[in-house]
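Student: Dropping the structure in here first, questions after.
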Amino acid sequence: MSKPQYVHLDPTKHNDIRLIDDSSFSHAKDFKLVNIGFNEIASLSGCMPLVLVKSGNDETLTLACCVGIEELGNVYCGEERWLGHAVPLSIQCYPFNFTIEGNRVNVLIDESSHRLTKLSGEGAKLFSSDGQPTTILKQQQENLATLLAGQEQAAAFVSILKQHDLLSPLSVTITRQSGQSFHTDGLYSINEEKYAQLEADTVLQFHKEGISMAINALLLSLRQYNRLVQLTQSFDDPAMKVGIKLDNSL
Amino acid sequence: MSQINRIIIVGGGTAGWLTAGLLAATHSEPDKDGNKLTVTVVESDTVHPIGVGEGTWPTMRRTLSKIGIPEADLIKRAGATFKQASKFVNWHKNEIGNAYYHPFSAPQGSANLDITPYWLSSQDKKGQYANDVCFQPALCEAGLAPKISAHPNQSFVANYGYHLDAGQFIDLIRTHCTQKLGVRRIVDDVISVNPNENGIGSVETRNSGNLTAELYIDCSGFSSLLIEKALSVELVDASRYLFSDRALVCQMPYEDTNAPIACYTQSTAQKAGWIWDIALQHRRGTGYVYSSKHQSDDAARDTFAKYLAQYTNAPVDKSAFREIRFSTGYRRKFWEKNCVAIGLSSGFLEPLEASSLMLIEQSATLLAEQLPANTQVMPLVEHRFNEQLQGMWESAIDFLKLHYVLSNNNAAFWKDNRLEQSIPPRLLSLLKEWQFRPILDSDFSKSSDTFSAQSYRYILYGMLNSNSNINSASTYRRTLKHAEFADKQLSLNQALIKQLKSRMPSHRGLIESFY
């Protein structure tokens, strides 16, 4: 896939551009970890493992979901459709993205995307001739707004987890039929022991703020690594087993 | 006694073809002997329809669906756009502003409770009544559509009617009626109408001979060939209530072909009347309705030209304005013996609130529903029809007059409109009562009350003076025990506006989705 070329979305420049549907979200076929918002935890946790990932040079932790396996790529990207009941919002938003400049949120579009066309028989217009966004684009703008809000909440969630020292390194080992195994480091999840020992006041506060629900969902979602393995069965040299090690020491 | 098997409609304007469509669609089955009702429209190719009525009510959606014309056809073949409201500019000036809306959607919560009394008695800072209680004015102001997409179902958000090109609309219904509904069309001039003891005996045409039927519909427009010329049913004059007697009409192209399309009829008060402004897909339809007793024709042309000049860089050609003369009134009887008048032959009302097309729809629907089986029962239907239609016309006149009565414009035309002797008696009594209590649904309980209590609320409270009695709690002793519910509706309205703004396409965007 070509490298994304994100530019500012512009009613004049992009007036004749049309968006084609892609229910397999094939642009994401090489994705393995995808950033998610706090508001996506409930819907995604029953479909794919949710983890925290160290990213960037400053080692910031971000909330993410795991959709792929080393060398096999995104296992949810089927030939014709997405093989799960939930799709991470940032994947749904493609080919749109946003930047924050000052107080302004600017919508970006990947001009190199295979989902865009100028042929009138295909896809749906982004702008009507009066330069106003169509329903399709408005839906995407709403998704972006939700994504932005969710990512801000996710950052706050991560800092709460850090503040209460609730994170533990997670290591995942996936073994293929051929015996070859891949090991992933740099992931984090919840330290169950420390979580169990929180003060009553904190537990009550977490409960009221929905933090407990999110923590439990994160823990339970690790079982979805089995689904990842299952989804590779049609591949050459599929994954056979997964080993998850969460350091729960105090 | 003879069975009603043949109906002749004289005149092929909007009234003629809508009536033909409704009659043919409602009575499409043969009887046990295999006889079907035949509907024939006789239209002249030398007489051109007036075609002023370019705004419809939401009732047009049901009318078209009865006839079998899909919305997409109306949009693609009659230049139609969506109408969500009427916006009245400069009819009344107060501290909140110079404009207010009469939207087609009801206030929040109206299925359970009318929140108006709560709004009226509220001490909080208020905006325009319609904007506070209903989401639709905000959609109109933002140029947004009343539905998500061209899909016929599932995407409906706000109540709407249409703006349409009258000429193209006639072509559309005519084609549908003749091709799908089996309506016969005779293109010919009517040269004489022959009355007899049953009413109309026959209609003589130039080339198609003498045509006979059991029932005749007069849709011949202002010429009223059957109801007036042949049967001498006179007009009841209503010009003492509604003074306008002239209209100047002009079609304006858009300066920019991709310009936003207004989703409401704009009606702007002028020195001696008001200007309508209707946005179609490729042009705007505008007209100045005025009283020749209050402004000379030349001055009226100047007033109209000045209005149009705001919207165009090209010079306005005053000689291109089409002039229509009329007097407001309606037939003493709409149904006389075997003849029914529908459309301009039945009377004329200025196009404020799009009542002309509405009255055509109402008359034709009632006729189609109540169509007598034979000549013996015809007088019974005649009586009921006349009573109902008279009620509808009187109710429409009351409602139109309401707009004038409430204005605080001080030009002579407007001051005369507020004189007590110029106000229809029923409206006058209601206005007196409404100084001390809110408008109640039970004020309009007859089936001929075509304008609902809610329409009256939008107008009366849209033109409220801040010092009016109804606004002060001092005279108000009615129990208001659902304040919490009412408050919730007001905040729900704001939330809904926000949500719809982020979802709805622009009006032009919706129209483009049909193509």
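Quick mapping for you: the protein sequence lines, in order, are chains A and B. Heads up, the first sequence is in the working numbering, so the first residue is 9 and it goes up one at a time. Heads up, the second sequence is in the working numbering, so the first residue is 24 and it goes up one at a time. Just so it is clear, CB atoms sit at the ideal spot from N, CA and C, and this is done for glycine as well. Everything numeric in this text was worked out from a predicted model, so none of it was measured.
1) Using the C-alpha atoms, what's the distance from Phe371(B) back to Ile32(B)?
2) If we call anything under 8 Å between Cβ atoms a contact, is Val339(B) one with Ala328(B)?
3) The alpha helix (DSSP H) that contains Gly485(B), what's its start and end?
4) From the DSSP secondary-structure annotation, give me the bridge partner or partners of Met275(B).
5) Taking the alpha carbon of Glu119(A) as the point to measure from, which residue in Glu217(A), Ser229(A) and Arg26(A) has its own alpha carbon closest?
6) Which class does Lys146(A) belong to by DSSP, given the choice of helix, strand or coil?
7) In its own chain, which residues sit with a C-beta less than 8 Å from the C-beta of Ala72(A), not counting the 5 before and 5 after it?
8) Answer with buried or exposed for Tyr538(B), where buried requires no fewer than 16 other C-beta atoms within 10 angstroms of its C-beta.
9) First and last residue of the beta strand (DSSP E) that includes Asn113(B)?
10) Taking the continuous alpha helix (DSSP H) assigned at His199(B), which residues delimit it?
11) Whether or not the stretch 260-271 of chain B and the stretch 351-364 of chain B are in contact is what I'm after, with contact meaning three or more pairs of Cβ atoms, one per stretch, closer than 8 Å; do they touch?
12) Report the neighbours of Asn281(B) on chain A: residues whose CB is nearer than 7 Å to its CB, in chain order.
13) Return the residues of the stretch 517-530 of chain B that lie within a Cβ-Cβ distance of less than 7 Å from chain E, sorted by chain order.
14) Have a look at Gln202(B), Leu258(B), Leu453(B) and Leu389(B) and flag the residue whose alpha-carbon is nearest the alpha-carbon of Phe422(B).
15) Could you tell me the alpha carbon to alpha carbon distance between Gln232(A) and Gly532(B), rounded to whole angstroms?
16) Which first and last residues belong to the alpha helix (DSSP H) in which Gln517(B) is found?
17) What is the DSSP secondary structure of Trp297(B), counted as helix, strand or coil?
18) Beta-carbon of Thr154(A) versus every beta-carbon of chain B: anything under 8 Å?
19) Please work out which residues of its chain come closer than 6 Å, Cβ to Cβ, to Ala165(A), disregarding the five sequence neighbours upstream and downstream, and give them in chain order.
20) Can you check whether the CB of Ser137(A) is closer than 8 Å to the CB of Glu535(B)?
21) Unbroken beta strand (DSSP E) runs of length 3 or more, entirely within the stretch 335-400 of chain B: which are they?
22) Does the Cβ of Ala236(B) have 16 or more other Cβ atoms within 10 Å, making it buried, or fewer, making it exposed?
23) For Ile209(B), return the contacting residues in chain A, with the cut-off set at a CB-CB distance below 9 Å.
24) Please go through the stretch 24-69 of chain B and give each complete beta strand (DSSP E) segment of 3 or more residues, from N-terminal end onward.
25) Check whether the Cβ atoms of Leu382(B) and Phe408(B) lie closer than 8 Å to each other.
26) Exposed or buried, what is Thr181(A) when buried is set at 16 or more other beta-carbons lying within 10 Å of its beta-carbon?
27) Distance cutoff 8 Å, beta carbons only. Does Ile98(B) sit that close to anything in chain A?
28) Rounded to whole angstroms, what is the Cα-Cα separation between His115(B) and Ala295(B)?
29) Between Gln5(B) and the rest of its own chain, which residues show a CB-CB distance below 6 Å, the 5 nearest in sequence each way excluded?
30) Just to make sure I have the definition right: I need the residues of chain A whose C-beta is within less than 7 Å of the C-beta of Gly102(B). Which are they?
31) The beta strand (DSSP E) with Ser220(A) in it runs from where to where?
32) Does the CB of Glu260(A) have a neighbour CB from chain B at under 8 Å?
33) Can you confirm whether Thr143(A), when its beta carbon is compared against all beta carbons of chain B, has any partner nearer than 8 Å?
34) How long is the line joining the alpha carbons of Ser379(B) and Asn135(B), rounded to whole angstroms?
35) Quick check on the DSSP output: the alpha helix (DSSP H) that includes Phe327(B) runs from which residue to which?
36) Measure the alpha-carbon distance for Ser470(B) versus Ala189(B) and round it to whole angstroms.
Tutor: By the coordinates alone:
1) Here the question's residue 32(B) lines up with position 9 in the second sequence. Here the question's residue 371(B) lines up with position 348 in the second sequence. Rounded to whole angstroms, Ile32(B) to Phe371(B) spans 19 Å at the Cα level.
2) Position 316 of the second sequence, counting from 1, holds the residue named residue 339(B). Position 305 of the second sequence, counting from 1, holds the residue named residue 328(B). A contact, by the Cβ cut-off of 8 Å.
3) For the purposes of this step, residue 485(B) is taken as residue 462 along the second sequence, with counting starting at 1. Residues Ala476 to Gly485.
4) Taking the second sequence and counting its residues from 1, the one referred to as residue 275(B) is at position 252. For Met275(B), which the question treats as bridged, DSSP gives the partners Arg307(B).
5) The residue given as residue 119(A) occupies position 111 in the first sequence. The shortest Cα separation from Glu119(A) among Glu217(A), Ser229(A) and Arg26(A) belongs to Arg26(A).
6) Here residue 146(A) refers to the residue found at position 138 when the first sequence is read from its first residue. Here Lys146(A) sits in helix by DSSP.
7) For the purposes of this step, residue 72(A) is identified with residue 64 of the first sequence, where counting begins at 1. Counting only Cβ-Cβ distances below 8 Å, and skipping sequence neighbours, we find Leu41, Val42, Asn43, Ile44, Leu58, Val59, Leu60 and Val61.
8) Position 515 of the second sequence, counted from the start, is the residue given in the question as residue 538(B). Classification for Tyr538(B): exposed.
9) The residue labelled residue 113(B) in the question sits at position 90 within the second sequence. Ala108 to Asn117 is the span of the beta strand (DSSP E), which, as asked, contains Asn113(B).
10) Numbered from 1 along the second sequence, position 176 holds the residue referred to as residue 199(B). His199(B) -> alpha helix (DSSP H) spans Ala189 to Lys203.
11) yes
12) Locating residue 281(B) in the second sequence gives position 258, counting from the first residue. Those within 7 Å of Asn281(B) in chain A are Ser137 and Asp138.
13) No chain E is present in this structure, whose protein chains are A and B.
14) Taking the first residue of the second sequence as position 1, residue 422(B) is located at position 399. That would be Leu453(B), whose Cα lies nearest to the Cα of Phe422(B).
15) Within the first sequence, numbered from 1, the residue matching residue 232(A) stands at position 224. Within the second sequence, numbered from 1, the residue matching residue 532(B) stands at position 509. Computed Cα separation, rounded: 43 Å.
16) As a first step, residue 517(B) must be located in the second sequence, where it is residue number 494. First-last of the alpha helix (DSSP H) with Gln517(B): Ala506 to Lys524.
17) Counting from one through the second sequence, the residue named residue 297(B) turns up at place 274. DSSP places Trp297(B) in strand when its eight states are reduced to three.
18) Taking the first sequence and counting its residues from 1, the one referred to as residue 154(A) is at position 146. By this cut-off, Thr154(A) is not an interface position.
19) Translated into positions along the first sequence, residue 165(A) becomes position 157. Looking at the sequence shown, residue 165(A) is not Ala but Phe. Hits under 6 Å: Phe46.
20) Along the second sequence, read from residue 1 onward, the residue named residue 535(B) stands at position 512. Along the first sequence, read from residue 1 onward, the residue named residue 137(A) stands at position 129. Yes, the pair counts as a contact, with Cβ atoms nearer than the cut-off.
21) 345-348, 352-354 and 362-364
22) Taking the second sequence and counting its residues from 1, one reaches residue 236(B) at position 213. Buried, because 16 or more other Cβ atoms sit within 10 Å of the Cβ of Ala236(B).
23) Translated into positions along the second sequence, residue 209(B) becomes position 186. Correct list: empty, because the minimum Cβ distance to chain A is about 42 Å.
24) 29-33 and 61-66
25) To locate residue 382(B), count along the second sequence from 1; it is residue 359. To locate residue 408(B), count along the second sequence from 1; it is residue 385. Cβ distance not < 8 Å, so Leu382(B) and Phe408(B) don't count as in contact.
26) Taking the first residue of the first sequence as 1, we reach residue 181(A) at position 173. With fewer than 16 Cβ atoms within 10 Å of its Cβ, Thr181(A) is classed as exposed.
27) Here residue 98(B) refers to the residue found at position 75 when the second sequence is read from its first residue. It does not: the Cβ of Ile98(B) has no partner Cβ on chain A nearer than 8 Å.
28) Mapped onto the second sequence, residue 115(B) falls at position 92. Mapped onto the second sequence, residue 295(B) falls at position 272. Distance between the alpha carbons of His115(B) and Ala295(B) is about 14 Å.
29) In this structure chain B extends from 24 to 538, so residue 5(B) is not present and cannot be described.
30) Residue numbering aside, residue 102(B) sits at position 79 when the second sequence is read from its first letter. Correct list: empty, because the minimum Cβ distance to chain A is about 16 Å.
31) Against the first sequence, residue 220(A) aligns to sequence position 212. No beta strand (DSSP E) holds Ser220(A); the alpha helix (DSSP H) holding it covers Ile219 to Ser229.
32) This structure leaves residue 260(A) out entirely; chain A is present only between 9 and 258.
33) The count along the first sequence starts at 1 and reaches residue 143(A) at position 135. Judged by the 8 Å Cβ criterion, Thr143(A) is in contact with chain B.
34) Here residue 379(B) refers to the residue found at position 356 when the second sequence is read from its first residue. Here residue 135(B) refers to the residue found at position 112 when the second sequence is read from its first residue. It is roughly 32 Å from the alpha-carbon of Ser379(B) to the alpha-carbon of Asn135(B).
35) Translated into positions along the second sequence, residue 327(B) becomes position 304. Element bounds for Phe327(B): Asp320 to Ala332.
36) Within the second sequence, residue 470(B) is the residue found at index 447, counting from 1. Within the second sequence, residue 189(B) is the residue found at index 166, counting from 1. Their Cα atoms are separated by approximately 28 Å.
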